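Novice: If you're matching positions, the sequence shown starts at 183 in this note's numbering and goes up one per residue.
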Amino acid sequence: AILALGCAARADAFIAGDPCVSPYVIADGDIASLRAAIACANTDGTDSVVELATNGSYVFTSADTSNSTRALNSIGANGAFTLLGHGATLHRDAASVDSFGILEVSNSAVVEINEVTLSGGLATAFGGGMRIRGAVRASSIRVVDNVSTAAGGGIMLSNNGTLVLTDSTVANNTSDADGAGVRVSGGSSLWMNRSTIQGNTITGFGAGAGIQSDGVARILNSTIIDNVVTESTRRGGGIEVNTGGDVTIVNSTFYDNVSPAPGEQVRRSGGTLDVYNSILGEST
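In structure tokens, the structure reads:
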């Protein structure tokens with residue numbers, strides 16, 4: 183844990199320099215204390231809760247000094263980590279001269295994220311909104327308006343990362359490569375329920391604008407709409423299943439997804455794909 187001698191004990195809000203004691207309640211817009219809370223959670227050896235201000239706004243003008251590719255240091259807590267958003271937004275300032283995504287979850291970390299928006303990320307690495315290499319359970323989150331110059335404009339799952347996504351939206355993200363909304367790499371897994379993947383666009387040589395999977399994906403009771411692949415030979419406006427992929431779609435709707443090559447709604451280029459009681463509509 184990080185201790186600062188001579189600091190007054192916090193009353194309601196955690197202030198950078200306070201003793202590392204969870205829960206860490208972060209005042210609206212207090213970037214320094216939010217970063218300090220992540221550092222505490224990564225080192226305090228216990229389960230940690232970071233709680234944001236109700237409908238708060240946390241605007242990042244630069245990357246974290248401990249992680250030059252993200253707004254916040256990689257979450258690698260050695261206990262369980264919970265981020266309670268209460269409707270707050272974590273946003274990269276569009277005027278920033280730095281290119282960085284918003285969140286990153288390290289290998290073996292166990293994380294729960296609720297009621298937060300991740301927006302404005304500009305990643306030169308994978309995952310403009312969030313890169314997951316550990317285990318994440320997310321509910322009522324929004325991952326919107328992020329960019330990756332690689333794969334995974336909104337969310338990137340890699341290194342056997344797992345994501346359980348419920349009642350959430352991944353929208354209006356852009357990538358140069360596969361998976362403008364969500365990219366599931368080999369060995370990783372996505373479990374999605376009652377969620378929407380909408381309006382994501384691949385601007386380069388990539389496939390699967392909504393979701394692209396070389397790993398496991400289970401899509402339940404969800405909607406995948408208005409996602410666009412632009413390169414003339416690429417497929418899978420809604421979802422592309424690639425070699426090694428294992429995808430099951432149940433009670434879900436795909437429509438108005440676009441790709442120049444066949445497979446606008448759903449495309450299996452390899453792997454396995456099972457679809458049950460779902461609507462695979464046309465593009466308009």
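Note that beta-carbon positions come from the ideal geometry of N, C-alpha and C, so glycine has one too. Since this is a predicted model, take the numbers as computed values, not measurements.
State the CB to CB distance for the pair Ser239 and Gly211, rounded to an integer number of angstroms; the pair is presumed to be in contact (CB under 8 Å).
Specialist: As a position in the sequence shown, residue 239 is number 57, starting the count at 1. As a position in the sequence shown, residue 211 is number 29, starting the count at 1. At roughly 6 Å, the Cβ-Cβ gap stays under 8 Å, so Ser239 and Gly211 are in contact.
Novice: Write down the C-beta distance between Gly343 and Gly316 rounded to the nearest angstrom, noting that I regard them as a contact closer than 8 Å.
Specialist: What you label residue 343 is simply residue 161 of the sequence shown in a count that begins at 1. What you label residue 316 is simply residue 134 of the sequence shown in a count that begins at 1. Right, their Cβ atoms sit about 6 Å apart.
Novice: Pick from Thr385, Arg416, Leu265 and Ser460: whose alpha carbon is nearest that of Ile323?
Specialist: Against the sequence shown, residue 323 aligns to sequence position 141. Selected option, being the one with the closest Cα: Leu265.
Novice: With distances taken Cα to Cα, identify the nearest neighbour of Val457 among Val203, Ser340, Gly302 and Ile401.
Specialist: Within the sequence shown, residue 457 is the residue found at index 275, counting from 1. Answer by Cα proximity: Ile401.
Novice: Would you give the residue range spanned by the beta strand (DSSP E) that Ser230 belongs to?
Specialist: The residue you call residue 230 lines up with position 48 of the sequence shown. Where Ser230 is concerned, the enclosing beta strand (DSSP E) stretches over Ser230 to Glu233.
Novice: Quick check on the DSSP output: the beta strand (DSSP E) that includes Ile379 runs from which residue to which?
Specialist: Stepping through the sequence shown from its first residue, residue 379 is reached at position 197. First-last of the beta strand (DSSP E) with Ile379: Thr378 to Gln380.
Novice: From which residue to which residue does the alpha helix (DSSP H) around Ala214 run?
Specialist: Taking the first residue of the sequence shown as position 1, residue 214 is located at position 32. Where Ala214 is concerned, the enclosing alpha helix (DSSP H) stretches over Ile213 to Thr225.
Novice: Would you kindly report the start and end of the unbroken beta strand (DSSP E) that includes Gln394?
Specialist: As a first step, residue 394 must be located in the sequence shown, where it is residue number 212. Residues Ile393 to Ser395.
Novice: Can you tell me the Cα-Cα spacing of Gly302 and Thr383, whole angstroms?
Specialist: Start at 1 with the first residue of the sequence shown, and residue 302 comes out as number 120. Start at 1 with the first residue of the sequence shown, and residue 383 comes out as number 201. Looking at the two C-alpha atoms, the distance is approximately 15 Å.
Novice: Residues in the same chain with beta-carbon distance under 6 Å from Val398, minus the five sequence neighbours each way, listed in chain order, please.
Specialist: Looking up residue 398 in the sequence shown gives position 216. Excluding residues within five positions, the ones whose Cβ falls inside 6 Å are Ser371 and Asp428.
Novice: Would you mind working out which of Ser330, Met338 and Asn439 sits nearest Ala381, comparing C-alpha positions?
Specialist: For the purposes of this step, residue 381 is taken as the residue at position 199 of the sequence shown. The sequence given here has Gly at residue 381, not Ala. Cα-wise, what sits closest to Gly381 is Asn439.
Novice: Taking 6 Å as the limit between beta carbons, can you name the residues of its chain near Ser321, skipping five residues before and five after?
Specialist: Residue 321 sits at position 139 when you count from the first residue of the sequence shown. Excluding residues within five positions, the ones whose Cβ falls inside 6 Å are Asn296, Thr348 and Asp349.
Novice: Buried or exposed for Asp246, going by 16 or more other Cβ atoms inside 10 Å?
Specialist: Residue 246 sits at position 64 when you count from the first residue of the sequence shown. The residue is buried, with at least 16 neighbouring Cβ atoms inside 10 Å.
Novice: Who does Val410 pair with in a DSSP beta bridge?
Specialist: To locate residue 410, count along the sequence shown from 1; it is residue 228. Answer is Thr383 and Val440, bridged to Val410.
Novice: Taking its Cβ as the centre, do 16 or more other Cβ atoms sit within 10 Å of Glu233, making it buried, or is it exposed?
Specialist: Here residue 233 refers to the residue found at position 51 when the sequence shown is read from its first residue. Answer is buried; the Cβ neighbour count reaches 16.
Novice: With H, G and I counted as helix, E and B as strand and the rest as coil, what does DSSP make of Val203?
Specialist: In the sequence shown, counting from the first residue as 1, residue 203 sits at position 21. The answer is coil: DSSP assigns Val203 none of H, G, I, E or B.
Novice: What is the rounded straight-line gap between the Cα of Arg416 and the Cα of Ser377?
Specialist: Along the sequence shown, read from residue 1 onward, the residue named residue 416 stands at position 234. Along the sequence shown, read from residue 1 onward, the residue named residue 377 stands at position 195. Going by the C-alpha atoms only, they are around 25 Å apart.
Novice: Identify the residues that DSSP records as bridge partners of Leu339: which are they?
Specialist: Counting from one through the sequence shown, the residue named residue 339 turns up at place 157. For Leu339, which the question treats as bridged, DSSP gives the partners Ile314 and Val366.
Novice: Please classify Asn355: does DSSP put it in a helix, a strand, or coil?
Specialist: Your numbering for residue 355 matches position 173 in the sequence shown. Reduced to three states, the DSSP call for Asn355 is coil.
Novice: If we ignore side chains and look at the alpha-carbon of each, how far apart do Gly452 and Met312 end up?
Specialist: Numbered from 1 along the sequence shown, position 270 holds the residue referred to as residue 452. Numbered from 1 along the sequence shown, position 130 holds the residue referred to as residue 312. Gly452 and Met312: Cα-Cα distance of roughly 26 Å.
Novice: Does the separation of the CB atoms of Thr243 and Ser215 fall below 9 Å?
Specialist: Counting from one through the sequence shown, the residue named residue 243 turns up at place 61. Counting from one through the sequence shown, the residue named residue 215 turns up at place 33. No, they are not a contact pair.
Novice: Are there 16 or more other CB atoms within 10 angstroms of the CB of Asp408, so buried, or fewer, so exposed?
Specialist: What you label residue 408 is simply residue 226 of the sequence shown in a count that begins at 1. Asp408 should be labelled buried.
Novice: So, helix, strand or coil for Glu446, using DSSP?
Specialist: Taking the first residue of the sequence shown as 1, we reach residue 446 at position 264. Coil.
Novice: By the 10 Å Cβ neighbour count, where 16 or more other Cβ atoms means buried, how is Ser290 classified, buried or exposed?
Specialist: If you number the sequence shown from 1, residue 290 lands on position 108. Its Cβ having fewer than 16 others within 10 Å, Ser290 is exposed.
Novice: Let me know the secondary structure DSSP gives Asp246 once reduced to three states.
Specialist: Within the sequence shown, numbered from 1, the residue matching residue 246 stands at position 64. In the structure shown, Asp246 sits in a strand (DSSP, three-state: E or B).
Novice: Report, in whole angstroms, the separation of the C-beta atoms of Val329 and Leu304, which I expect to be a contact under 8 Å.
Specialist: Position 147 of the sequence shown, counted from the start, is the residue given in the question as residue 329. Position 122 of the sequence shown, counted from the start, is the residue given in the question as residue 304. Contact holds; Cβ gap of about 5 Å.
Novice: What is the DSSP secondary structure of Ile197, counted as helix, strand or coil?
Specialist: Taking the first residue of the sequence shown as 1, we reach residue 197 at position 15. Coil, per DSSP.
Novice: Output yes or no for whether 9 Å exceeds the beta carbon distance between Asn430 and Leu462.
Specialist: If you number the sequence shown from 1, residue 430 lands on position 248. If you number the sequence shown from 1, residue 462 lands on position 280. The identity of residue 430 in the sequence shown is Thr, whereas the question assumes Asn. Not a contact, by the Cβ cut-off of 9 Å.
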